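K.L.:
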Amino acid sequence: MTKQDVFGTQAGVNASRALAASMWSPRSLIYRLSSAVKPLKLALLYAAMRTKHRKFWQLDPNLAISLANLPPLESPKYLGLEVINTCNANCVFCEKQFSRREPAVMSSDFARRTITDAISLGCTGITFSCMISEPLLDKDLYGKIQHAYAEARRMGRSVRVWVITNGTLLAKNDNYKRLIDSGLDSLSVSTSSFDKTEYEQIYRIRKYSQMLEGLLLLLEENQKANYPVDISISIRTGRSLAAILLDSDLQLVLPFVDLRHVTMDFTHTYYDRDPRIEAMLTGRMRLRKNIAAELRKRPCEEAYSVLVTPHGIARMCSCQAGPLFNATGQDELVFADLNHVSLPEALRTRRKAYLNKRFMLGDMPSVCKHCDLYRPIPAVQ
Ligand code: SF4
Ligand code: SF4
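Structure representation (structure tokens):
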């Protein structure tokens with residue numbers, strides 16, 4: 002199945018036009034002209050990554066639109082499926098190291114049912130996996146991805162599917178090829194820099210060569226197939242952007258980075274969810290600054306997401322994972338246990354209505370008041 006099968010709609014036509022336009026955009030043209038000149042390419046990449054980095058954490062809480070114009074919270078736009086809640090890495094900045102949850106994999110039947118419900122409810126994006134997990138450890142990941150596309154096609158809907166991975170398993174069992182063949186829209190590879198010593202220091206695993214091999218195979222395969230998958234490479238580093246751009250292994254990756262199909266970003270800042278993390282950060286790594294609670298009058302973008310855990314817990318927001326690490330797996334944003342009710346029923350519960358109202362009235366649950374991932378919903382969704 003191809004993306005053309007899924008997007009055989011007006012939305013698909015619009016997306017194709019947007020893509021064609023972007024190919025001739027000034028930024029794209031300048032970039033393509035300069036691609037043969039390595040210093041200029043590095044300078045452009047530096048500028049692009051710095052801009053993205055700034056946008057990512059400098060938030061504007063004063064966007065002026067009325068609450069009446071916001072899309073309703075009753076119908077979630079995005080589904081985050083935590084298909085597995087374990088990971089084969091042990092990053093210094095990740096809460097995984099403190100997680101007390103029982104390891105679990107989401108059953109195939111449950112995942113398929115939830116995906117079908119979400120698409121029929123109008124979800125336009127599905128992410129495998131969010132939170133603290135490595136989705137390539139789930140043996141049925143491809144079955145779940147294919148089910149999402151098949152159901153979207155059956156219902157005449159369009160859905161974008163996104164996978165987030167640490168990249169260490171891309172070379173294993175031809176995962177790099179299977180991901181591309183799956184019809185996936187986007188893939189994020191979250192890694193440290195392309196320096197083995199720093200990678201082992203931050204990810205605390207000895208899988209640097211597997212990650213690099215898998216990433217290069219993935220990039221090559223995607224290029225050969227004419228870029229069916231949008232790939233982003235996210236760098237978690239303690240060094241300066243200028244320093245990481247000069248890493249010798251990065252020079253193997255750079256020829257594939259075109260800022261259109263293959264992008265890169267980096268960050269020095271991390272979620273302020275557990276005070277124990279701060280002591281483990283190295284170099285320029287630091288915890289993010291929060292927006293003052295009194296400025297958080299608009300609903301957070303993440304309020305339009307539903308996260309479903311392998312244990313069947315449904316929660317608003319697929320970002321702020323901290324509270325889910327407690328032994329009960331419950332927090333203020335949890336609104337249902339999908340082992341007892343379906344997703345459509347869960348969205349009509351009093352609990353969900355209560356949470357929607359609090360977000361809409363600017364009285365966000367306390368977990369949101371100090372969450373460093375708060376992003377006010379923009380005027381146009
Ligand atoms: S790879 Fe991701 S989920 Fe795994 S430990 Fe690192 S940050 Fe956490
Ligand atoms: S403020 Fe944080 S916890 Fe609340 S919805 Fe946004 S990302 Fe989630």
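Each residue of the sequence shown is one higher than the one before, starting from 2 at the first, in the numbering used here.
Beta carbons are placed, not taken as given, at the ideal position from N, Cα and C, and that holds for glycine.
Quick caveat, the model's predicted, so the values are computed rather than measured.
(1) Tell me the rounded alpha-carbon separation between A244 and D250.
(2) Give the single residue among D175, G144, W163, M317 whose Cα lies nearest to the Cα of V368.
(3) From the DSSP secondary-structure annotation, give me the bridge partner or partners of D231.
(4) Taking 8 angstroms as the cut-off, is the C-beta of E135 nearer than that to any heavy atom in ligand 1?
(5) Leaving aside the five residues before and after Y272 along the sequence, list all residues of the same chain whose C-beta is less than 6 angstroms from its C-beta, in chain order.
(6) Entirely within the segment 129 to 189 and at least 3 residues each: give me those beta strand (DSSP E) ranges in chain order.
(7) Just tell me which of T117, R113, T166 has its CA closest to the CA of P136.
(8) Please classify H148 as buried or exposed, where buried requires at least 16 other C-beta atoms within 10 Å of its C-beta.
(9) Which two residues bound the contiguous beta strand (DSSP E) that contains S306?
(10) Residue range of the beta strand (DSSP E) that G385 falls in?
(11) Using the DSSP secondary-structure output, state which residues sit across from F195 in a beta bridge.
(12) Based on the DSSP output, what are the partners of P377 in its beta bridges?
(13) Just checking my contact of T270 with R289 at CB under 8 angstroms: how many whole Å lie between their CB atoms?
(14) Between L180 and G215, which are expected to be in contact by the criterion C-beta below 8 angstroms, what is the C-beta distance as a whole number of angstroms?
(15) Within the continuous beta strand (DSSP E) that includes L82, where are the two ends?
(16) Could you tell me if D248 is buried or exposed, where buried requires 16 or more neighbouring beta carbons within 10 angstroms of its beta carbon?
(17) Rounding to the nearest angstrom, what Cα-Cα distance links E201 and Q98 in this structure?
(18) Which whole runs of the alpha helix (DSSP H) in the segment 88 to 134 are 4 residues long or more, in chain order?
(19) Measure the C-alpha to C-alpha separation of R299 and M361 and round it to an integer number of angstroms.
(20) When burial is assigned at 16 or more other CB atoms within 10 Å of the CB, is P73 buried or exposed?
(21) My output table needs one value for M365: the three-state DSSP class, helix, strand or coil.
(22) Is the closest heavy atom of ligand 1 to the C-beta of A90 under 8 angstroms?
(23) So, K145 versus S306, is the Cβ gap smaller than 9 angstroms?
(24) Among Y228, K173, D266, which residue has its Cα nearest to the Cα of I397?
(25) Just to be sure I understand the criterion: a residue counts if its Cβ is closer than 6 angstroms to at least one heavy atom of ligand 2. Which residues meet that?
(26) Taking all protein chains shown into account, decide if I66 is buried (16 or more other Cβ within 10 angstroms of its Cβ) or exposed.
(27) Secondary structure at V254, three-state DSSP: helix, strand or coil?
(28) Give me the Cα-Cα distance between K197 and L217, rounded to the nearest whole angstrom.
(29) Is K140 close to ligand 1? I mean its beta-carbon at under 8 angstroms from any heavy atom of the ligand.
(30) When the cut-off is 9 angstroms and only beta carbons count, does E279 lie next to chain B?
(31) According to DSSP, is L385 helix, strand or coil?
(32) Ligand 1 heavy atoms versus the CB of K97: any closer than 8 angstroms?
(33) Please list the terminal residues of the continuous beta strand (DSSP E) segment that includes I314.
(34) Let's test the definition: count the other Cβ atoms within 10 Å of the Cβ of K353 and tell me whether it reaches 16, buried, or not, exposed.
(35) Just to confirm the assignment, what range does the alpha helix (DSSP H) spanning A244 have?
P.N.:
Per the coordinate set shown:
(1) As a position in the sequence shown, residue 244 is number 243, starting the count at 1. As a position in the sequence shown, residue 250 is number 249, starting the count at 1. Put simply, the backbone Cα of A244 is about 12 angstroms away from that of D250.
(2) Locating residue 368 in the sequence shown gives position 367, counting from the first residue. It is M317 whose Cα lies nearest to the Cα of V368.
(3) By 1-based counting over the sequence shown, the position of residue 231 is 230. D231 is bridged to S187.
(4) Position 134 of the sequence shown, counted from the start, is the residue given in the question as residue 135. With a cutoff of 8 angstroms, E135 counts as near ligand 1, since its C-beta is closer than that to a heavy atom of the ligand.
(5) Taking the sequence shown and counting its residues from 1, the one referred to as residue 272 is at position 271. Cβ neighbours of Y272 beyond the five flanking positions: D373.
(6) Here the runs fully enclosed are 161 to 166.
(7) Here residue 136 corresponds to residue number 135 of the sequence shown, with the count starting at 1. For the residues T117, R113, T166, the minimum Cα distance to P136 belongs to T166.
(8) Within the sequence shown, residue 148 is the residue found at index 147, counting from 1. Sixteen is the threshold: when 16 or more other Cβ atoms of the shown chains lie within 10 Å of the Cβ of H148, as they do, the residue is buried.
(9) The residue you call residue 306 lines up with position 305 of the sequence shown. For S306, the uninterrupted beta strand (DSSP E) segment begins and ends at 306 to 309.
(10) Outside the displayed span of the chain (2 to 382) sits residue 385, for which this structure offers no information.
(11) The residue labelled residue 195 in the question sits at position 194 within the sequence shown. According to the DSSP secondary-structure assignment, F195 is paired through a beta bridge with no residue.
(12) Along the sequence shown, read from residue 1 onward, the residue named residue 377 stands at position 376. Answer is C301.
(13) Along the sequence shown, read from residue 1 onward, the residue named residue 270 stands at position 269. Along the sequence shown, read from residue 1 onward, the residue named residue 289 stands at position 288. Approximately 4 angstroms separates the beta-carbon atoms of T270 and R289; this is inside 8 angstroms, confirming the contact.
(14) For this step, residue 180 is matched to residue 179 along the sequence shown. For this step, residue 215 is matched to residue 214 along the sequence shown. With 8 angstroms as the limit, L180 and G215 do not qualify as a contact, their Cβ atoms being about 10 angstroms apart.
(15) The residue labelled residue 82 in the question sits at position 81 within the sequence shown. Where L82 is concerned, the enclosing beta strand (DSSP E) stretches over 79 to 82.
(16) Within the sequence shown, numbered from 1, the residue matching residue 248 stands at position 247. Under this definition D248 is a buried residue.
(17) Counting from one through the sequence shown, the residue named residue 201 turns up at place 200. Counting from one through the sequence shown, the residue named residue 98 turns up at place 97. Approximately 16 angstroms between the Cα atoms of the pair.
(18) Counting only runs of 4 or more, we get 109 to 121.
(19) By 1-based counting over the sequence shown, the position of residue 299 is 298. By 1-based counting over the sequence shown, the position of residue 361 is 360. Near 7 angstroms, if we compare the C-alpha coordinates of M361 and R299.
(20) Within the sequence shown, the letter at position 72 stands for residue 73. Exposed, by the Cβ-count rule.
(21) Working through the sequence shown from its first residue, we reach residue 365 at position 364. Here M365 sits in coil by DSSP.
(22) As a position in the sequence shown, residue 90 is number 89, starting the count at 1. Yes, Cβ of A90 sits closer than 8 angstroms to a heavy atom of ligand 1.
(23) Counted from its first residue, the sequence shown places residue 145 at position 144. Counted from its first residue, the sequence shown places residue 306 at position 305. Going by C-beta atoms, K145 is not nearer than 9 angstroms to S306.
(24) Past the edges of the chain, shown from 2 to 382, lies residue 397, and the structure says nothing about it.
(25) Cβ-based neighbours of ligand 2 within the cut-off: C301, E303, A304, C318, C320, Q321, V368, C369, C372, L374, Y375.
(26) Residue mapping note: residue 66 aligns to position 65 of the sequence shown, counting from 1. With a pLDDT of 41 at I66, under the threshold of 50, the modelled position of that residue is not reliable, and the figure given next carries that caveat. Result: exposed.
(27) Position 253 of the sequence shown, counted from the start, is the residue given in the question as residue 254. Looking at V254 - three-state DSSP - the assignment turns out to be helix.
(28) Within the sequence shown, numbered from 1, the residue matching residue 197 stands at position 196. Within the sequence shown, numbered from 1, the residue matching residue 217 stands at position 216. One C-alpha to the other measures close to 15 angstroms.
(29) Within the sequence shown, numbered from 1, the residue matching residue 140 stands at position 139. Because no heavy atom of ligand 1 lies under 8 angstroms away, the Cβ of K140 does not count as near it: no.
(30) Here there is only one protein chain, and chain B is not present.
(31) Only positions 2 to 382 of the chain appear in this structure, which leaves residue 385 out of reach.
(32) Taking the sequence shown and counting its residues from 1, one reaches residue 97 at position 96. Answer for K97: yes, Cβ within range of ligand 1.
(33) For the purposes of this step, residue 314 is taken as residue 313 along the sequence shown, with counting starting at 1. Segment 314 to 317, the beta strand (DSSP E) holding I314.
(34) As a working note, residue 353 is residue 352 in the sequence shown. K353 counts as buried, since at least 16 other C-beta atoms from the protein chains shown sit within 10 angstroms of its C-beta.
(35) Counting from 1 along the sequence shown, the entry for residue 244 is found at position 243. From DSSP, the alpha helix (DSSP H) with A244 extends over 242 to 246.
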